[in-house]
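Each residue of the sequence shown is one higher than the last, beginning at 359 in the numbering used here.
Right, one structure below, let's go through it.
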Amino acid sequence: KSGHDLSAWFSTSGSGSVRNTASITTDRGTKTSNAVTVGFYFKITTSVTNGTITASTASPLPNTSRTISYSPVDSDHVLESVTIDGKEVDIKKYPKSYTFSGIKEDHTVSVKYKRVYKIETGASGGTITPKVTGIDKGEDRTITYTADKGYYLRRLRVDGKEVDVKRYPTSYTFHDISSDHVIKAEFLPIPELRITKRIYGEEMYPASGDPTFLFHIEGTDFTGERQEYTEVIRFTASDKKASGGIEKTIVR
359 KSGHDLSAWF STSGSGSVRN TASITTDRGT KTSNAVTVGF YFKITTSVTN GTITASTASP
419 LPNTSRTISY SPVDSDHVLE SVTIDGKEVD IKKYPKSYTF SGIKEDHTVS VKYKRVYKIE
479 TGASGGTITP KVTGIDKGED RTITYTADKG YYLRRLRVDG KEVDVKRYPT SYTFHDISSD
539 HVIKAEFLPI PELRITKRIY GEEMYPASGD PTFLFHIEGT DFTGERQEYT EVIRFTASDK
599 KASGGIEKTI VR
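In structure tokens form, the structure reads like this:
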């Protein structure tokens with residue numbers, strides 16, 4: 359340190375102190391001097407959780423600089439904290455490395471990466487929330503989906519298993535997330551109910567009134583619900599002007 363001088367040092371063999379003298383032998387003889395130049399080195403100790411980091415080093419000379427680099431073990435981990443000499447620093451300022459400048463003492467660097475999770479999404483015949491990444495453990499995430507015009511939700515699969523679309527008609531929420539997930543929505547065209555009636559000859563000219571036909575249909579629709587439909591097809595005077603048979607269709 360400033361204001362101090364080296365008075366003695368000790369041998370590694372433990373044989374005691376060595377006087378602060380140095381001898382230089384040249385072709386003109388040996389000279390003894392009390393002036394000794396000593397190189398001091400500082401230590402930077404590093405550690406990392408779920409990643410890699412520049413190894414600990416004891417080589418930095420005083421007033422030099424040294425950069426410590428770090429990275430996650432894989433893409434499923436993100437930087438959680440960087441601690442320099444016991445104090446956390448802003449990870450946004452130091453996302454990949456930290457540089458010590460004008461080194462004058464020992465330092466420590468501790469880096470932690472945390473596991474984050476993702477939700478893969480997919481949809482056919484409609485839209486769905488895009489892939490979600492960077493989810494912390496324990497968080498909730500809601501995925502929404504919408505059918506294209508003329509389509510309906512036919513199947514919803516979560517992590518490979520089909521779930522009840524009646525319970526989750528427009529969205530699905532993952533709670534307390536602790537693993538990656540996959541959700542896929544399948545939309546299909548809405549089926550048409552098409553009723554067609556064609557009449558010929560004498561049917562076109564009843565004794566009175568217009569030819570009228572009543573249709574009653576019962577069954578289960580595409581959602582699995584029981585349905586009942588009643589439709590009427592009527593042929594008017596203008597229809598009768600057509601040559602040959604007459605056909606009308608109702609679509610719903």
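The beta carbon of each residue, even a glycine, is placed where N, CA and C say it ideally should be.
Computed from a predicted structure; not experimentally measured.
Among D517, A543, P430, the one whose alpha carbon lies nearest that of R470: The residue given as residue 470 occupies position 112 in the sequence shown. Here residue 470 turns out to be Lys, not Arg, going by the sequence shown. When only C-alpha atoms are compared, the closest one is P430.
Own chain, CB closer than 7 Å to P547, minus 5 neighbours either side, in chain order: Counting from 1 along the sequence shown, the entry for residue 547 is found at position 189. Once the five neighbours on either side are set aside, the close Cβ partners of P547 are G508, Y509.
Expected contact under 8 Å - CB spacing of H539 and F545 to nearest Å: Start at 1 with the first residue of the sequence shown, and residue 539 comes out as number 181. Start at 1 with the first residue of the sequence shown, and residue 545 comes out as number 187. 20 Å between Cβ atoms; not a contact.
As assigned by DSSP and simplified to three states, the class of I449: Here residue 449 corresponds to residue number 91 of the sequence shown, with the count starting at 1. The answer is coil: DSSP assigns I449 none of H, G, I, E or B.
E586, enclosing beta strand (DSSP E) - first and last residue: By one-based count along the sequence shown, residue 586 stands at place 228. 584-592 is the extent of the beta strand (DSSP E) around E586.
Best match in Y456, G460, R513 for proximity to G484 [C-alpha to C-alpha]: Stepping through the sequence shown from its first residue, residue 484 is reached at position 126. With distances taken between Cα atoms, G484 lies closest to R513.
H574, buried or exposed, once every other Cβ within 10 Å from all chains shown has been counted against 16: Sequence index remark: in the sequence shown, residue 574 carries index 216 (1-based). When all chains shown are included, H574 counts as exposed.
Endpoints, the beta strand (DSSP E) within which Y526 is located: Looking up residue 526 in the sequence shown gives position 168. No beta strand (DSSP E) holds Y526; DSSP gives it neither H nor E.
T554 (DSSP reduced to helix, strand or coil): Here residue 554 is taken as the residue at index 196 of the sequence shown, counted from 1. Strand.
Validate contact between the segment 451-467 and the segment 487-503 using beta carbons, cut 8 Å, 3 pairs: no
Span of the beta strand (DSSP E), counted from its first residue to its last, around K542: Your numbering for residue 542 matches position 184 in the sequence shown. Looking at the DSSP string, the run of the beta strand (DSSP E) that includes K542 is 539-547.
Local Cβ density within 10 Å of T479, reported as buried at 16 or more and exposed below that: Counted from its first residue, the sequence shown places residue 479 at position 121. T479 should be labelled buried.
K454 in three-state terms, based on DSSP: Walking along the sequence shown from the start, residue 454 turns up at place 96. In the structure shown, K454 sits in coil (DSSP, three-state: anything other than H, G, I, E or B).
C-beta contact flag for T407 and I426 at 8 Å: Counting from one through the sequence shown, the residue named residue 407 turns up at place 49. Counting from one through the sequence shown, the residue named residue 426 turns up at place 68. No, they are not a contact pair.
Residue of I591, E576, V590 minimising C-alpha distance to R658: No answer is possible for residue 658: the residues shown for the chain start at 359 and end at 610.
Closest by C-alpha distance to I553, when choosing among L572, K542, D568, E463: Your numbering for residue 553 matches position 195 in the sequence shown. Answer by Cα proximity: L572.
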